[in-house]
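In our numbering, the protein residues as written are 503 to 830. The C-beta atom is built at its ideal place from N, Cα and C for all residues, glycine as well.
Structure follows, in structure tokens:
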């Protein structure tokens, strides 16, 4: 039996500049943090049967990979040329469609488990690139490489992306006290809205390609990511919080699908209750509201509770994707 886990993430700035329609022309830059909420994959060889058993929200029993309905699992098995009786079970701390990068995190954890099953070592970089290749090239999803790299590497990471799609990850240079301050003052609240990120991303791509001003907004988003990096390296978390607000107001202009009446009213209530700034995490349209609040956290929590938004408590994850159990 093999068990792997890969962390979800919260995007801190520059999100979206990794998308190919933008990064292939201008390059991308973003900063993000892995958190201690995970996708788990369990892989085990099946004896005395010629069937595969796939367990997720549904259960599939098949003889051949081509018959698997779960597209991610099917694509990963085909990519690694595995077609034998195995059992794959998936477990998630947080539901998919909530803006924390769960789809790519799932792929990273799955590939790590399957490589381990084949007794193959794989680097963090190659793991992220394989996950991205399957999702972008094989499954034709309109995404970038942000989530795969965060799930693979962990930590608070900056990603520089050149025009050819090469990704250069680096850990941000900030003091331990700044890291603790950031971790303690970021609060996540679920809007309860599950959304299809691909729909939001496709709408964003269409709008950006047809309206030059939308592309200019993406330049601003990328520059804000760099400003946020500078603020954190200087230990100025309050400025980080203020930049979040600018980030969100800019990103809302990309697509009507980015926000909603509930999200806007909840966000404004958060600012009035002590948050310095915040934004929706992920592609937009639902998922989690993230606030930076260094005072009056109790008031902010009470306000969100009254609105009906549940808090997700978390810490940062520094491990990235890893094997947590390997037995007979």
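Tell me the residue span of the alpha helix (DSSP H) that contains residue i.
i, result
"residue 609", "604-619"
"residue 575", "573-581"
"residue 671", "That residue, residue 671, is in no alpha helix (DSSP H); its beta strand (DSSP E) goes 669-673."
"residue 622", "From DSSP, residue 622 is part of no alpha helix (DSSP H); its letter is neither H nor E."
"residue 830", "No alpha helix (DSSP H) contains residue 830, which DSSP labels as neither H nor E."
"residue 737", "Looking at the DSSP string, residue 737 is not in any alpha helix (DSSP H), and its letter there is neither H nor E."
"residue 687", "678-687"
"residue 652", "648-655"
Is residue i close to chain C? Criterion is C-beta to C-beta, closer than 8 angstroms.
i, result
"residue 632", "Included in the structure is just one protein chain, with no chain C present."
Would you identify the three-state DSSP class for residue i, choosing helix, strand or coil?
i, result
"residue 643", "coil"
"residue 752", "helix"
"residue 558", "coil"
"residue 594", "strand"
"residue 660", "strand"
"residue 565", "coil"
"residue 803", "helix"
"residue 530", "strand"
"residue 553", "coil"
"residue 839", "Examination of residue 839 is not possible in this model, given that the chain is present from 503 through 830 alone."
"residue 722", "helix"
"residue 506", "strand"
"residue 521", "coil"
"residue 715", "helix"
"residue 501", "This structure does not reach residue 501, given that the chain is present from 503 up to 830, and the question cannot be answered."
For the beta strand (DSSP E) that residue i lies in, which residues bound it at each end?
i, result
"residue 635", "Element bounds for residue 635: n/a, residue is neither H nor E."
"residue 477", "With the chain covering 503 to 830 only, the question about residue 477 has no answer from this structure."
Can you tell me the Cβ-Cβ gap for residue i and residue j, rounded? I've got them flagged as a contact below 8 angstroms.
i, j, result
"residue 811", "residue 791", "7 angstroms"
"residue 648", "residue 821", "So it is not a contact: roughly 18 angstroms between Cβ atoms."
"residue 557", "residue 592", "7 angstroms"
"residue 674", "residue 731", "6 angstroms"
"residue 550", "residue 728", "Actually they do not touch by this definition, with Cβ atoms about 57 angstroms apart."
"residue 750", "residue 780", "7 angstroms"
"residue 509", "residue 656", "6 angstroms"
"residue 761", "residue 754", "5 angstroms"
"residue 603", "residue 653", "7 angstroms"
"residue 562", "residue 571", "6 angstroms"
"residue 615", "residue 545", "4 angstroms"
"residue 795", "residue 610", "Not really, about 31 angstroms apart at Cβ, beyond 8 angstroms."
"residue 628", "residue 525", "Residue 628 to residue 525, Cβ: 20 angstroms. No contact."
DSSP beta-bridge partners for residue i?
i, result
"residue 512", "535"
"residue 692", "790, 812"
"residue 818", "537"
"residue 547", "588"
"residue 542", "507, 593"
"residue 731", "Answer is none; residue 731 lacks a bridge partner."
"residue 824", "507"
Cβ-heavy atom distance between residue i and the ligand COA below 7 angstroms?
i, result
"residue 750", "The model depicted lacks the ligand COA and carries no ligand whatsoever."
Legend entry - Uninterrupted alpha helix (DSSP H) stretches inside the stretch 762-786 (no shorter than 4 residues): 763-774
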